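Below you'll find the structure, written out as structure tokens, and then a few comments.
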Amino acid sequence: MAKDITQLDDYTKLKKLASALWQQNNSYHGAAIMIGAGFSRSAATTGDSNKKLPLWFNFSELLTKELSSNSSDPLRLAEEYNAYFGKQALHDLIKKEINDSAWIPGELHKSLLELPWSEVLTTNWDTLLERASEEIHQPVYSIVSKQEDLSSARSPRIVKLHGTIDVSKDLIFTQEDYRKYPQQYAAFVNFARQVFIENELCLIGFSGDDPNFLQWAGWVRDHLTSHSRRIYLVGALGLNSSKRKYLESLNIAPIDLYSLVKDYDDADMRHFKATEIFFQTLQELKPKNTWEWEPSQLHRTEMTEEELNRRYQDHEHAAHLLEGQLVSLEKDRLSYPEWLICPNRLRFTLHMQLTDPWPNSNNLSKMNKDSRAKLLYEIAWHHKVTFEILPNWLVNELLTVCDLDKPCCLTKKQQLEIALILLKNTRWMDKSEGENIILTTKHILEKGKKYWEEIDNELSYYSAILARDSFDYPALEKYAEEITTNDPIWKLKKASLFAELGNFEEGKHLISEAYSALLKQYRNNHDSIYLLSRLAWAYWLARGVNLSELEEKIRIFSFDYKESKCDPWDYIEHMQEKITKKLAKQQEQEIEPLFEPGHYKDNSNTVTWSNELHPLLLLEGISNTVGLPLRWQHTNFLVDSAAKIAELTEIDNTQRFSLAIRVASSETSNVLKRVFSRIKIACLSQDEANFLIEKTISSIEYWSEKREAQSSISGITRHAIDRLRVFIEVLARISVRATSEQAKQIFRLAVSLGQNNKLQHLWLFDSIKDLIKFSLKSIPDAEQHEVLLDALSYPLETEIQKNEYGKWANPVIDNPGERKQNIFIDKRIGEIIDSIEKNSSKNAPALLRLLPLIKSKFLTEKECRQIALNIWGDNPDYKNIPKTGLLNYVLLELPNIDSLSVKALVREYLFEQKEENLFKLDFLMDVVNAALGKNVKELPSQEQAVNYFEKLTSWRLPEKDDSEIGFSKNINSETAELISEVLARSIVPALSKEALTEENFQKLCDMHIVLDKPEILMAYPYFAVSDESFICRTAGLIKKGFQSIEGHKLAYASYALLTWRELQDLPVINKLIKRLIYMISSNQKQGLAPLLWTANQMYKKEYLSGEDIESLSEILPVIFDSTSYERIPPYNQESVSISLVRAACIRLARDILNKEQNNDMELKRILEMAKNDPLPEVRFAEITDI
């Protein structure tokens, strides 16, 4: 007796039926089932355990008794009953005996209907199946009670072939019913024919003598001899050999489960258990979906401490354990469904699979040669799938088995695969470590091309990725073209490289071809995860690049990728989650205050260990494996993820530069501001800075050529502008690290870009302007004369015919040097002078460029006279100020014919202004700058000063309005600042002693309180000098300013103190100076740069005591060292002015050394260090003054 179903002779047939049911073979539609009365009898339940639903022989006994007939044929008995009592009496008898409403479906009904039958047919008259189906939600069955229902019911269906009690007009029972069935129920017959032809058919609830079984089996034999598929009769049949042979002659394959249940003496229980076993076995034979693949569990769940230690200490034992895992590892690899990207959870599982024990060179050395080679191949495959970096020991081990000249148990293709994995891994190695491996693996791969046809593509793609990351666009173009595209994924990879080159049209064509090819292949092989995963990514790309020509195909393809772990969005979301987590960890505060006062936890030196894949490796793995670009024109695929990864401190700067520049779309992109902030650029090594300078220059040249070519492929020219915006901005920022010679080269490049009319695009204005500004600042003042001609040659805004006033760059050389004979300079100066028009605001760029030449007397008398004529005209009346585009006070510095008339006109404008114009920003800036001018210093008369004082001190901020927008608030704030500065620098200094009264002092105080602008502090010393009664209050206001935590308030408090000391010398002032020196000595970074500037001015003017100077000498090196760029968080307030603090330290140290003639080694040390400072404001601080 067989107790295990797998031991049955009929188990093979059962597996065949299960295969059809679960549609493992594409040639099958599936399996259908026909349900007989025996199923209802054993499956249905009622309150009375003694009652059972009747079978055929039960009806036969009843009919024989009522008819007193000798016949045993139930169909004939039914015919006689029908003839004698009538059809209605027969139906009433059936209804009474079955009593349908008294029975409820049992668990077997649920088990039956949860299986994926293509159709369910039944000859039963009860409604048990229909009622059971209402509780089944997958699959959802349609009910067919009448032939007419077939046309409107969807599969899978429950089809009542012989009618239903209380539903059907007729119930099939008599001989005549069966004889006329093919004619009267032709639709059911045709339906059954189709089911039998298309599906394997399972019969359950029938015996070999069942009239329904015999009738339908005979019909199949007579009509579908050569067309029907196999019919399986399932149950506790108890067949003898002759009965089995008879059934097989009818093309019926019996699955007899009798031997499994024959211990049960109750026939109904036998059938119940047999049916239960049958359904359970079908479920167990359900094939595992391909996407449910799991790697083998190689970790032992229980180990003694001795065993735990032994696997690490006993290398021979560890080798033995690893050898024992080889079979499982190979099985896993061969059964792997070939997802294009391994699902997230499985990738981690694979990564952690080989850890019992961890393989290492010691363990491998104890293995035999073949086992070692096989294990190394499996480990290499794991790293390929998981995107993990190969550790150095593994690199060395793999090199020993990938050489084709040293045959081993691996195939040549497997050796080449290892060589390729090693080659790709060199991207993450130091250059010195990777060079030999690159040469070795490339040599192996070149030699093995005949054994693996994809080697050429792999080598070209590897080289293209390197070229992409190093911004070598000509090489990228070359390698991208070399890639052949016979395989759809190579089309996607090539398209991603074309996206980097701006060749979007060809890229779209490749994506279209890849998508179409994969869709066609998948249509013929729906079980392939290999195809589905690739199709999913191609579909995602196709939608992302807006392929209108694919819209129809995209609508057709609507497969749900999630269940099969092929959904691209799952991978993207997982990666974003990992990046966010990594960034949050990085941004955690280094000092964690604890709840107990005075206690904290220092997290700065905390070492964290993680076995998770780094987000950069995940991004690169997905992007390069799929051929997924970071951006496609305006579609961001991986831009946000890459931008965040670029901010992670632990990645290499080469990768950081690549990501930041590739994701940036313009010079204003946040990623550029963060990755190439001034502090971060200062922290770069000189090699990294030189790398960026070299690569950005070559990239600018490449994309300039693409723009100039005006190719018919409009996408490339547009992309060229976008790339130029980014590369020019990066070069502008990195130019602060350039040597003076490099800076001159960069400045000349910027000038050439502006001179190229095909690059005079509005979108390039800002980045070119930055390039000119920052590169010029990296040229020492004494050498700027070398680029004078270049600066003068840069087109004026009026010369390029652009209407974007103020956006166009205007290079100005403040130190033109000595005028030497140069016809090119003479000519260009003449052109600039000629561009000046009378009374035109467009003159500003030309005048700004000429103004330093005027101040330094670089221009000839003739040139100066021509400027005057162009500004004022031939016969000026000096009644109206001509427009120049500059502040009007500048007219005092420009050449003129009648300086007294010009001065009178400008002073009238400055100090006789009508009240409605008094609070305009341009006018207020004019007054301030006229007071501060080096060559021209204009203050109002005493009467004018009194007039302005009354009007200006009466100004107040407008009433707050909820509708007021931010722009208006900024204007009002700027107005308040300028009014305060006008009062402090121009008006109050010009007041007579009689006007410096208590009343006016109070007006100033009231205004100071209301506006809260520190600029006004510089006005108070004039009152203190005029009257001793103001001394204490002035000192108190300055002291209060020193107590502020706001940098600009500290600055103006120091400026006020300097102003007061310039006016008089008092003990109270010296006491405040002591406070200033103390604040500097405390090394508080807030406002430190202006405090140092003020101290320097006081030192030059000999306002400091010997003690003060000694304190400064001691603290300056400390401040300089403490402001090292590496110590400063790049995004906090301190980073804004840190270089200015360092520069101020150097200027003060220089002045102290020069004047005191001392030999302070620390001051000399910081002066030497500053000469090589990364930033020009510090590098040139010793030779410049502010």
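Heads up, the sequence shown is in numbering that gives the first Met the number 0, so the first residue is 0 and it goes up one at a time.
No residue lacks a Cβ here, since even glycine has one placed at the ideal position from N, Cα and C.
Quick caveat, the model's predicted, so the values are computed rather than measured.
Going by the CB atoms, is the gap between residue 111 and residue 83 shorter than 9 angstroms?
Taking the first residue of the sequence shown as 1, we reach residue 83 at position 84. Taking the first residue of the sequence shown as 1, we reach residue 111 at position 112. No, the Cβ-Cβ distance between residue 83 and residue 111 is not below 9 angstroms.
Helix, strand or coil, according to DSSP, for residue 1092 in the structure here?
Within the sequence shown, the letter at position 1093 stands for residue 1092. If DSSP states are grouped into helix, strand and coil, residue 1092 belongs with the helices.
When you compare each of 644, 528, 629 and 646 to residue 638 by their alpha carbons, which one comes out closest?
Here the question's residue 638 lines up with position 639 in the sequence shown. Checked all of 644, 528, 629 and 646; the closest Cα to residue 638 is 629.
Thinking C-beta only, is residue 1046 closer than 9 angstroms to residue 1136?
The sequence position of residue 1136 within the sequence shown is 1137, counting from 1. The sequence position of residue 1046 within the sequence shown is 1047, counting from 1. Going by C-beta atoms, residue 1136 is nearer than 9 angstroms to residue 1046.
Throw me the rounded Cβ distance for the residue 450 and residue 423 pair, which I believe falls under 8 angstroms.
Along the sequence shown, read from residue 1 onward, the residue named residue 450 stands at position 451. Along the sequence shown, read from residue 1 onward, the residue named residue 423 stands at position 424. Actually they are not in contact, since the Cβ atoms of residue 450 and residue 423 sit about 18 angstroms apart, beyond 8 angstroms.
DSSP on residue 630, reduced to helix/strand/coil?
For the purposes of this step, residue 630 is identified with residue 631 of the sequence shown, where counting begins at 1. Looking at residue 630 - three-state DSSP - the assignment turns out to be strand.
Which residues does DSSP list as the beta-bridge partners of residue 233?
Here residue 233 corresponds to residue number 234 of the sequence shown, with the count starting at 1. Note: residue 233 sits in a beta bridge opposite 203 and 254.
To the nearest angstrom, how far is the alpha carbon of residue 1187 from that of residue 320?
Look at the range of the chain in this structure, 0 to 1185, and you will see that residue 1187 is not part of it.
Measure the C-alpha to C-alpha separation of residue 10 and residue 35 and round it to an integer number of angstroms.
If you number the sequence shown from 1, residue 10 lands on position 11. If you number the sequence shown from 1, residue 35 lands on position 36. If I take the Cα positions, the gap works out to 22 angstroms.
Would you identify the three-state DSSP class for residue 388, choosing helix, strand or coil?
Along the sequence shown, one-based indexing puts residue 388 at 389. Coil.
Assess, as a yes-or-no matter, whether the region 916-930 is touched by the region 971-980 under the definition of 3 or more beta carbon pairs within less than 8 angstroms.
Judged by Cβ distances under 8 angstroms, the region 971-980 makes contact with the region 916-930, as three or more pairs qualify.
Check whether the Cβ atoms of residue 409 and residue 444 lie closer than 9 angstroms to each other.
Position 410 of the sequence shown, counting from 1, holds the residue named residue 409. Position 445 of the sequence shown, counting from 1, holds the residue named residue 444. Cβ atoms of residue 409 and residue 444: not closer than 9 angstroms.
Give the DSSP-derived three-state secondary structure of residue 935 in the structure shown.
The count along the sequence shown starts at 1 and reaches residue 935 at position 936. In the structure shown, residue 935 sits in coil (DSSP, three-state: anything other than H, G, I, E or B).
With H, G and I counted as helix, E and B as strand and the rest as coil, what does DSSP make of residue 1017?
In the sequence shown, the residue the question calls residue 1017 occupies position 1018. Residue state, collapsed to three classes: helix.
If you draw a straight line from the alpha carbon of residue 708 to that of residue 333, how long is it in whole angstroms?
Locating residue 708 in the sequence shown gives position 709, where the first residue counts as 1. Locating residue 333 in the sequence shown gives position 334, where the first residue counts as 1. Distance between the alpha carbons of residue 708 and residue 333 is about 51 angstroms.
Given residue 567, which residues of its chain have a CB within under 7 angstroms of its CB, disregarding the five upstream and five downstream residues?
Within the sequence shown, the letter at position 568 stands for residue 567. Once the five neighbours on either side are set aside, the close Cβ partners of residue 567 are 535, 536 and 539.
Give the secondary structure of residue 121 by DSSP, where H, G and I count as helix, E and B as strand, and everything else as coil.
Numbered from its first residue, the sequence shown carries residue 121 at position 122. Residue 121: strand per DSSP, three-state reduction.
Which one or two residues does DSSP pair with residue 366 in a beta bridge?
Residue mapping note: residue 366 aligns to position 367 of the sequence shown, counting from 1. Answer is none; residue 366 lacks a bridge partner.
In the DSSP assignment, find the unbroken alpha helix (DSSP H) run with residue 866 in it and report its ends.
Translated into the one-based positions of the sequence shown, residue 866 becomes position 867. Segment 860-871, the alpha helix (DSSP H) holding residue 866.
Sort 152, 139, 138 and 187 by Cα distance to residue 162 and report the nearest one.
As a position in the sequence shown, residue 162 is number 163, starting the count at 1. The option with the nearest alpha carbon to residue 162 is 187.
In chain order, what residues of the same chain have a beta carbon less than 6 angstroms from the beta carbon of residue 948, not counting five sequence neighbours either side?
On the sequence shown, position 949 is the one that residue 948 refers to. The residues are 986.
Where DSSP assigns a beta bridge to residue 648, which residues make up the other side?
Here residue 648 is taken as the residue at index 649 of the sequence shown, counted from 1. Its beta-bridge partners do not exist; DSSP assigns none.
Which same chain residues, not among the five before or five after residue 754, have their C-beta less than 8 angstroms away from its C-beta?
Taking the first residue of the sequence shown as position 1, residue 754 is located at position 755. Only 792, 793 and 794 meet the Cβ criterion.
Applying the 10 Å Cβ sphere with the 16-neighbour rule, what's the burial state of residue 480?
Locating residue 480 in the sequence shown gives position 481, counting from the first residue. With fewer than 16 Cβ atoms within 10 Å of its Cβ, residue 480 is classed as exposed.
Could you give the first and the last residue of the continuous alpha helix (DSSP H) run that contains residue 1074?
Numbered from its first residue, the sequence shown carries residue 1074 at position 1075. Counting along the chain, the alpha helix (DSSP H) containing residue 1074 begins and ends at 1066-1080.
How about the region 349-361 and the region 390-399: do they share at least three Cβ pairs that are nearer than 8 angstroms?
Cβ pair count under 8 angstroms is three or more, so yes.
Would you check if the distance between the CB atom of residue 472 and the CB atom of residue 311 is smaller than 9 angstroms?
Indexing the sequence shown from 1 puts residue 472 at position 473. Indexing the sequence shown from 1 puts residue 311 at position 312. Against a cut-off of 9 angstroms, the Cβ pair of residue 311 and residue 472 comes out as no contact.
Please classify residue 823 as buried or exposed, where buried requires at least 16 other C-beta atoms within 10 Å of its C-beta.
In the sequence shown, counting from the first residue as 1, residue 823 sits at position 824. So residue 823 ends up on the exposed side.
Does DSSP classify residue 778 as helix, strand or coil?
By one-based count along the sequence shown, residue 778 stands at place 779. Three-state result, residue 778: coil.
CB residue 251 to CB residue 230, shorter than 9 angstroms?
Start at 1 with the first residue of the sequence shown, and residue 251 comes out as number 252. Start at 1 with the first residue of the sequence shown, and residue 230 comes out as number 231. Against a cut-off of 9 angstroms, the Cβ pair of residue 230 and residue 251 comes out as a contact.
Check residue 395 in the structure and name its three-state DSSP category.
The residue you call residue 395 lines up with position 396 of the sequence shown. Note: residue 395 maps to helix in three-state DSSP.
Exposed or buried, residue 1031, counting other C-beta atoms within 10 Å across all chains shown (16 or more means buried)?
Here residue 1031 refers to the residue found at position 1032 when the sequence shown is read from its first residue. Flag for residue 1031 reads exposed.
Could you tell me which uninterrupted beta strand (DSSP E) segments, each at least 3 residues in length, are contained entirely in the region 248-325, listed from first to last along the chain?
Listed in chain order, they are 251-255.
Can you grab the Cα-Cα spacing for the pair residue 168 / residue 124, in whole Å?
Position 169 of the sequence shown, counting from 1, holds the residue named residue 168. Position 125 of the sequence shown, counting from 1, holds the residue named residue 124. If I take the Cα positions, the gap works out to 12 angstroms.
Of all the options 526, 201 and 139, which has the alpha carbon lying nearest to the alpha carbon of residue 289?
Position 290 of the sequence shown, counted from the first residue, corresponds to residue 289. Measuring from the Cα of residue 289, the nearest candidate turns out to be 526.
Beta-carbon separation of residue 699 and residue 752 under 9 angstroms?
To locate residue 699, count along the sequence shown from 1; it is residue 700. To locate residue 752, count along the sequence shown from 1; it is residue 753. It is a contact, given that the beta carbons lie within the stated cut-off.
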